[in-house]
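Participant:
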Amino acid sequence: MKNAEIRSLSESEILERIAAEQENLTKLRFAHAISPIENPNKIKESKRLIARLKTALRSTQLAK
Numbered sequence: 025m026k027n028a029e030i031r032s033l034s035e036s037e038i039l040e041r042i043a044a045e046q047e048n049l050t051k052l053r054f055a056h057a058i059s060p061i062e063n064p065n066k067i068k069e070s071k072r073l074i075a076r077l078k079t080a081l082r083s084t085q086l087a088k
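Every letter in the sequence shown is one number past the one before it in the numbering used here, and letter 25, counting from 1, is 49.
(1) Would you list, in sequence order, the uninterrupted alpha helix (DSSP H) runs of no fewer than 4 residues that lie entirely inside the region 25-70?
(2) Which same chain residues end up closer than 7 Å to E35 when comparing Cβ atoms and leaving out the 5 residues on each side of it in sequence?
(3) Could you tell me which of T79, T50, I58 and L77 sits nearest to K66, measuring between CA atoms?
(4) Do I42 and L86 come within 8 Å of each other at the CB atom, strictly closer than that value?
(5) My understanding is that I58 touches L52, with C-beta atoms under 8 Å, so please give their C-beta distance in whole angstroms.
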């Protein structure tokens, strides 16, 4: 998800995406702990997406 797409989301949509991505990250970590996943960079990408979403959420909160 690109930053422009993230900025176009509403505050409630961002919160939903954060929850979904955190759940996805947890699943990836468990899967990687049991047996190595094909692309471990997915964990890194997921963490970065969560950080981008949280940053966008905070900036919208401060803009109000």
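Don't be surprised by glycine CBs; every beta carbon is placed ideally from N, CA and C.
A quick note: this is a predicted structure, and the numbers were derived from the prediction, not measured.
Facilitator: To lay it out plainly:
(1) List check, alpha helix (DSSP H) in window: 27-31 and 35-58.
(2) Looking up residue 35 in the sequence shown gives position 11. Exclusion of the five residues before and after E35 leaves L81 and T84 as the residues of its chain whose Cβ lies within less than 7 Å of its Cβ.
(3) On the sequence shown, residue 66 is found 42 positions in, with the first residue counted as 1. Among T79, T50, I58 and L77, the Cα nearest to that of K66 belongs to T50.
(4) On the sequence shown, position 62 is the one that residue 86 refers to. On the sequence shown, position 18 is the one that residue 42 refers to. At the C-beta level, L86 and I42 stay beyond 8 Å of one another.
(5) By one-based count along the sequence shown, residue 58 stands at place 34. By one-based count along the sequence shown, residue 52 stands at place 28. Going by Cβ atoms, the distance from I58 to L52 rounds to 11 Å, so no, they are not a contact pair.
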